Amino acid sequence: MEAVSDHLQDLKASEIPWIAFLDRTAEQSSPRGLDEGFCEIFRRLLLSADVSATAEAALQVDEFYRDTYLPSDPLMRFEDDKGMAEFLATLWESVFDWYV
C-alpha cells in the first residue's frame with residue numbers, strides 16, 4: 282500500500298486531472314479560505330493509501346471548521362447554525378465541482 286501512495290506522490294499534477302483541479306482551485310481561492318482548506322484536505326485524502334485516511338479527513342474538516350472557519354467571523358457564533366449552512370454548501374460545491 283505504501284508503494285502506491287509513494288507513486289501517487291511522485292506524479293505530476295498534470296498527470297492526475299483531479300489533483301490538477303484541486304491545485305488550481307486552491308490557487309484561485311482566498312488565502313486560508315474554505316476552498317483552499319477543503320482542497321488541501323481532499324488532496325491528502327485522495328493521495329493516501331492509508332485505510333484510516335477517510336476518518337482522518339473527517340477529523341480535519343471538523344478541525345478546519347472549528348479552528349479556522351468559525352473564528353474567521355466573530356458574529357457567526359451568534360447565528361442559529363453557527364455558519365454551518367455556508368460551510369457545508371461550500372464543501373458540497375467543492376466535491377461536486379471536482380466530480381462533475
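Residues 282 to 381 (my numbering) are what the sequence shown spells out, left to right.
Just so it is clear, CB atoms sit at the ideal spot from N, CA and C, and this is done for glycine as well.
All figures in this text were calculated on a predicted structure; none of them were measured in a lab.
Proximity test, Tyr-346 beta-carbon vs the ligand ATP heavy atom, cut-off 6 angstroms: The ligand ATP is absent from the structure shown, which contains no ligands of any kind.
I'd like the span of the alpha helix (DSSP H) that includes Phe-345, first residue to last. It spans 334 to 345 - the alpha helix (DSSP H) in which Phe-345 sits, taken as one unbroken run.
Beta carbon of Glu-317, beta carbon of Ala-301: below 7 angstroms? no
So, helix, strand or coil for Glu-353, using DSSP? Note that residue 353 is Ser in the sequence shown, not Glu. DSSP places Ser-353 in helix when its eight states are reduced to three.
Please report the straight-line C-alpha distance between Asp-304 and Asp-361, rounded to a whole angstrom. For Asp-304 and Asp-361, the gap between their C-alpha atoms comes out near 33 angstroms.
Please state whether the Cβ-Cβ distance between Phe-319 and Ser-375 is less than 7 angstroms. The beta carbons of Phe-319 and Ser-375 sit closer together than 7 angstroms.
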